[in-house]
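Peer 1:
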Amino acid sequence: MSSEQNEPLLSDSIEKKCIISLDNTIEECIGDFGWSQFVQAILVSLAWVFDAQQSFISVFTDALPTWHCTNNSSSCQVDKNICDVPKDTWQFDLPTYTSIVSDWSLECSSLVITGLPASSFFIGCLVGGFVLCTLADSSFGRKNMLVLSCLVMSISGCVTAISTNIWMYSVLRFVSGFGRATIGTCSLVLSTELVGRKWRGQVGIISFVCFTFGFISLPWIAYLNKGNSWRVLYLLTCFPVVLYSMVVYFFVHESPRWLYLRGHKEEFVKTLRRIANRGTRGKLSSSFFEGLFVDLEKNMFVSASRGDLDVYSAIGLFVERGWCLRRLITVVLIGLGVGMVYYGMPLGVGDLGFDIYLSITLNAISELPSSLIAFFLIGKMNRKGSLLGFSLLSGICSVGCALVEGSEGLKWFQMGLEMVSFFSACTAFNVLLIYTLELFPTCVRNCAVSMVRQSLVVGGALSPILVALGRNNSLFSYGVFGVCSATFGLFTVWLPETKGRLLCDTMDEEEHLLEQAQVVDLK
């Protein structure tokens with residue numbers, strides 16, 4: 254949208270004009286989607302491929318391998334618990350080094366021990382999210398934080414391959430999760446801030462499509478590695494991330510919005526000129542930007558948007574602004590419900606009695622249409638209604654999956670309900686992150702998206718425990734997942750609609766839009 258189009262709406266005062274002049278400037282420079290922006294968006298979004306692989310890799314590396322009896326002794330029956338069968342009457346179908354369970358003889362260990370690595374990873378994500386969430390908004394920036402997070406996740410993942418016991422393995426999984434915590438957040442925020450408002454939704458969905466491809470690729474990589482050591486799987490999925498981090502560092506641009514709000518004017522101008530279309534570059538003279546700087550500094554919007562330059566200043570802004578804190582609490586609760594289904598379903602799908610490679614592939618494939626639907630319809634989708642609808646559908650199908658347990662004739666129907674529930678959770682996940690991007694201004698956007706992702710991770714951290722409890726009764730796993738998804742999804746009714754609106758940069762801008770919305774409602 255050009256500045257001329259906005260002028261009639263903002264002619265009441267110079268202040269109103271200045272409030273959105275940065276948004277208009279960026280729209281004029283990069284509003285049209287060009288090849289430079291496309292390449293940047295793809296490069297940044299590829300981080301989600303590796304994010305997905307590390308999120309679900311424990312499904313294969315930590316799985317209990319299949320086994321068979323070695324003689325016809327009546328004391329050995331494959332339908333028994335492996336711990337109730339004499340050790341000398343059975344053996345694993347594959348070499349012991351294919352899983353940490355068989356490699357370290359954990360088949361009869363408690364559920365707490367066997368589930369510790371997966372929970373450690375998600376707890377690491379949770380801790381890393383809260384510790385690192387504001388760094389991308391403050392001192393580090395989106396790009397540098399993305400590179401650092403990828404390096405921490407990948408290097409710790411490579412070191413995981415030399416683990417000698419479950420305790421060392423769990424600690425390294427925690428470190429990997431700690432690094433992974435901000436990868437998706439930084440990637441999503443950076444990619445959407447490199448394009449104009451018209452393409453923001455579609456570019457955001459590219460990240461989710463990349464996550465889907467990462468999820469789909471994992472069972473295939475694991476299948477090709479079948480019979481080899483679980484350590485090889487970590488090396489295959491982590492070493493490429495080191496190379497990717499180098500590519501991002503040297504070829505990806507920093508967010509122009511972040512550069513401006515942090516006062517890096519020269520780099521802000523250079524970045525916009527580099528990613529703008531050729532037809533636009535000729536218009537980007539020094540005077541064009543000087544007017545923007547003078548306008549905003551004169552009205553003190555730059556200093557107001559920066560606030561305190563401490564690392565955790567963003568958290569203080571949430572507390573100071575009641576409307577912002579209410580929005581954050583709401584989206585965090587919604588994320589918690591969606592996260593339980595999103596991370597819990599792949600972990601528990603093996604308990605449905607299907608082949609683990611087939612089950613995970615079906616789940617991954619069901620995520621692909623959700624990303625494609627969101628990609629093509631995000632520009633038309635009502636954020637509020639879509640999030641509410643998919644959260645409810647996911648919850649209902651998850652509860653239904655628990656209710657039909659034990660019926661042999663309904664086994665495939667149960668799998669169908671599981672896939673619909675997972676598909677709905679994936680779509681709700683996509684919409685929620687795009688919605689969060691639009692609900693919060695630039696000065697706290699990365700922090701807000703990070704906190705929402707951490708709420709999803711909390712759901713993921715609780716999932717292994719619930720899946721273990723639900724092995725005898727799915728109401729404790731799928732039932733709880735569904736109730737939480739549907740209940741927390743209802744909180745969406747308290748959020749404002751953001752489809753097609755301006756992407757604000759400061760708290761003052763957001764409050765100005767709130768005031769405008771209230772005036773419209775009164776009329």
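Numbering (our numbering), first residue to last: 254 to 776. Cβ atoms here follow ideal geometry from the backbone N, Cα and C, with glycine treated the same way.
Could you name the residues of the same chain whose beta carbon sits closer than 8 angstroms to that of T490, not counting the 5 residues immediately before and after it, in chain order?
Peer 2: Excluding residues within five positions, the ones whose Cβ falls inside 8 angstroms are F303, Q306, Q307, I310, G410, L471 and I474.
Peer 1: Report back the beta-carbon spacing between I587 and T745 to the nearest angstrom; my notes put them in contact at under 8 angstroms.
Peer 2: Indeed they touch by this definition, with Cβ atoms about 6 angstroms apart.
Peer 1: In angstroms with no decimal places, state the Cα-to-Cα distance between S498 and V400.
Peer 2: Approximately 5 angstroms between the Cα atoms of the pair.
Peer 1: For T319, tell me which candidate among S738, V462, K479 and L581 has the shortest Cα-Cα distance.
Peer 2: The shortest Cα separation from T319 among S738, V462, K479 and L581 belongs to K479.
Peer 1: Any idea if G211 is buried or exposed, counting beta-carbon neighbours within 10 angstroms, 16 or more meaning buried?
Peer 2: Residue 211 cannot be examined here, being either before or after the span of the chain that is shown, 254 to 776.
Peer 1: Between S423 and S298, what straight-line distance do the alpha-carbon atoms span, to the nearest angstrom?
Peer 2: Going from the Cα of S423 to the Cα of S298 covers about 28 angstroms.
Peer 1: Mind reading off the beta-carbon distance from T445 to V584? Whole number of angstroms is fine, and I expect it under 8 angstroms.
Peer 2: No, T445 and V584 are not in contact; Cβ-Cβ is about 16 angstroms, not under 8 angstroms.
Peer 1: Quick check on V312: buried or exposed, where buried means 16 or more other Cβ atoms within 10 Å of its Cβ?
Peer 2: Buried.
Peer 1: Report the rounded CA-to-CA distance for D758 versus D390, giving the unit in angstroms.
Peer 2: Going by the C-alpha atoms only, they are around 12 angstroms apart.
Peer 1: According to DSSP, which residues form a beta bridge with F666?
Peer 2: Answer is none; F666 lacks a bridge partner.
Peer 1: In three-state terms, what does DSSP make of C322?
Peer 2: In this structure, C322 counts as strand in the three-state DSSP scheme.
Peer 1: Between the alpha carbons of C336 and C361, how many angstroms are there, rounded?
Peer 2: Approximately 6 angstroms, taken between the alpha carbons.
Peer 1: Under a Cβ-count criterion, where at least 16 other Cβ atoms within 10 Å of its own Cβ denotes burial, should S358 be classed as buried or exposed?
Peer 2: Label assigned to S358: exposed.
Peer 1: To the nearest angstrom, how far is it from the Cα of S639 to the Cα of G516?
Peer 2: Computed Cα separation, rounded: 37 angstroms.
Peer 1: When burial is assigned at 16 or more other CB atoms within 10 Å of the CB, is K333 buried or exposed?
Peer 2: Label assigned to K333: exposed.
Peer 1: Whose C-alpha, out of E763, A721 and A529, is nearest the C-alpha of S372?
Peer 2: S372 has its Cα closest to that of A721, out of E763, A721 and A529.
Peer 1: Let's see if you can read the secondary structure: which residues bound the alpha helix (DSSP H) around Q707?
Peer 2: Run containing Q707: T695 to L722, per the alpha helix (DSSP H) assignment.
Peer 1: Taking only three categories from DSSP, how would you classify F393?
Peer 2: DSSP places F393 in coil when its eight states are reduced to three.
Peer 1: Can you tell me the Cα-Cα spacing of G449 and V594, whole angstroms?
Peer 2: Computed Cα separation, rounded: 32 angstroms.
Peer 1: Pick helix, strand or coil for Q330, following the three-state DSSP scheme.
Peer 2: Looking at Q330 - three-state DSSP - the assignment turns out to be coil, as it is neither helix nor strand.
Peer 1: Y610 to P370, Cα distance in whole Å?
Peer 2: Roughly 20 angstroms separates the two Cα atoms.
Peer 1: Determine the extent of the beta strand (DSSP E) in which W343 is found, giving its start and end residues.
Peer 2: Note, W343: beta strand (DSSP E), W343 to F345.
Peer 1: Near S677, which residues of its chain fall below 6 angstroms by C-beta distance, leaving aside the five closest residues on each side in sequence?
Peer 2: Closer than 6 angstroms at the Cβ level, and outside the excluded window around S677, lie F643, L646 and S647.
Peer 1: How should I613 be labelled, buried or exposed, when 16 other C-beta atoms within 10 angstroms of its C-beta is the threshold for buried?
Peer 2: With 16 or more other Cβ atoms within 10 Å, it is buried.
Peer 1: If you compare alpha carbons, which of C403, W452, P493 and S440 is closest to G430?
Peer 2: Nearest of C403, W452, P493 and S440 to G430, Cα basis: C403.
Peer 1: Is K523 helix, strand or coil by DSSP?
Peer 2: If DSSP states are grouped into helix, strand and coil, K523 belongs with the helices.
Peer 1: To test your reading of the DSSP string, which unbroken alpha helix (DSSP H) runs of 4 or more residues are found completely within the stretch 631-690?
Peer 2: 636-656, all fully within the stretch 631-690.
Peer 1: Keeping to the same chain, check which residues put their C-beta closer than 7 angstroms to that of F468; ignore five residues upstream and five downstream.
Peer 2: Around F468: A305, F309, A617 and E620.
Peer 1: Would you mind stating whether W511 and T695 have Cβ atoms separated by less than 8 angstroms?
Peer 2: Yes. Within cutoff.
Peer 1: Should S460 and L441 be called a contact, given that it needs their Cβ atoms to be closer than 8 angstroms?
Peer 2: The answer is yes: Cβ separation under 8 angstroms.
Peer 1: Taking the straight line between their C-alpha atoms, what separation do you get for L615 and F675?
Peer 2: Answer to the nearest angstrom: the Cα atoms are 10 angstroms apart.
Peer 1: Assuming M634 and V684 are in contact, meaning their beta carbons sit under 8 angstroms apart, how far apart are those beta carbons, in whole angstroms?
Peer 2: Contact flag correct, Cβ pair sits at about 7 angstroms.
Peer 1: Report back the beta-carbon spacing between V652 and Y731 to the nearest angstrom; my notes put them in contact at under 8 angstroms.
Peer 2: Confirmed, Cβ separation roughly 7 angstroms.
Peer 1: Any heavy atom of the ligand PLP closer than 7 angstroms to the beta-carbon of T438?
Peer 2: Ligands are entirely absent from the displayed structure, and the ligand PLP is therefore not among its contents.
Peer 1: Would you please verify whether the beta carbon of T349 is less than 8 angstroms from any beta carbon of chain C?
Peer 2: Going by chain labels, chain C is absent from the structure shown, which holds only one protein chain.
Peer 1: DSSP state of C411, grouped into three classes?
Peer 2: Note: C411 maps to helix in three-state DSSP.
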